[in-house]
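Report on the structure given below.
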Amino acid sequence: MRILADTSILIDLLRGRGHRRDLFKRLTLEGHTFAVTAINVSEIYAGMRPQEREATRKLLAAFECLPIHCEIAELAGELRGAWARKGVTLHLADTLIAAAAMHHRLVLMTDNRKDFPMPELQLWPRA
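Here the sequence shown is numbered in full-length UniProt numbering, starting from 1 and rising by one per residue.
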């Protein structure tokens, strides 16, 4: 399985939360691969503590970094608009991350399920 790690997951890894590290080690040993998007990278650097700079670089270097291109941006706009018409406001960053996962057929690992209500998006862990 190819997994796109959401920013909250990356923060847990960066801050050394043991349950996340153990999970990533196990999933890697099972042959799963991981990616991030340019959006996740931006969010991580925005909230990074100065003393975390080197650890952040090392952590992110272990992931494939997927760019956000026009097809993904178009899909994100469509998703955000569709949910807005239902009365649900989604953050642009979250819709870009969701669109990247959908475009690349990745499973999105997140703790923030409410930010990703799209039924066509595969989330991990499953509900």
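Even for Gly, the Cβ is constructed at its ideal location relative to N, Cα and C.
Under a three-way DSSP split, which group does residue 71 fall into?
Numbered from its first residue, the sequence shown carries residue 71 at position 71. In the structure shown, residue 71 sits in a helix (DSSP, three-state: H, G or I).
From residue 111 to residue 102, what distance separates their C-alpha atoms?
Walking along the sequence shown from the start, residue 111 turns up at place 111. Walking along the sequence shown from the start, residue 102 turns up at place 102. Cα to Cα, the separation comes out at about 18 Å.
Per the DSSP calculation, residue 64 is bridged to which residue(s)?
Translated into the one-based positions of the sequence shown, residue 64 becomes position 64. According to DSSP, which records beta bridges pairwise, residue 64 is partnered with 35.
Spatial distance of residue 96 from residue 33 (CA atoms):
Position 96 of the sequence shown, counting from 1, holds the residue named residue 96. Position 33 of the sequence shown, counting from 1, holds the residue named residue 33. Between residue 96 and residue 33, the C-alpha separation is close to 20 Å.
On the three-state DSSP scale, how would you describe residue 2?
Within the sequence shown, numbered from 1, the residue matching residue 2 stands at position 2. For residue 2, the three-state secondary structure derived from DSSP is strand.
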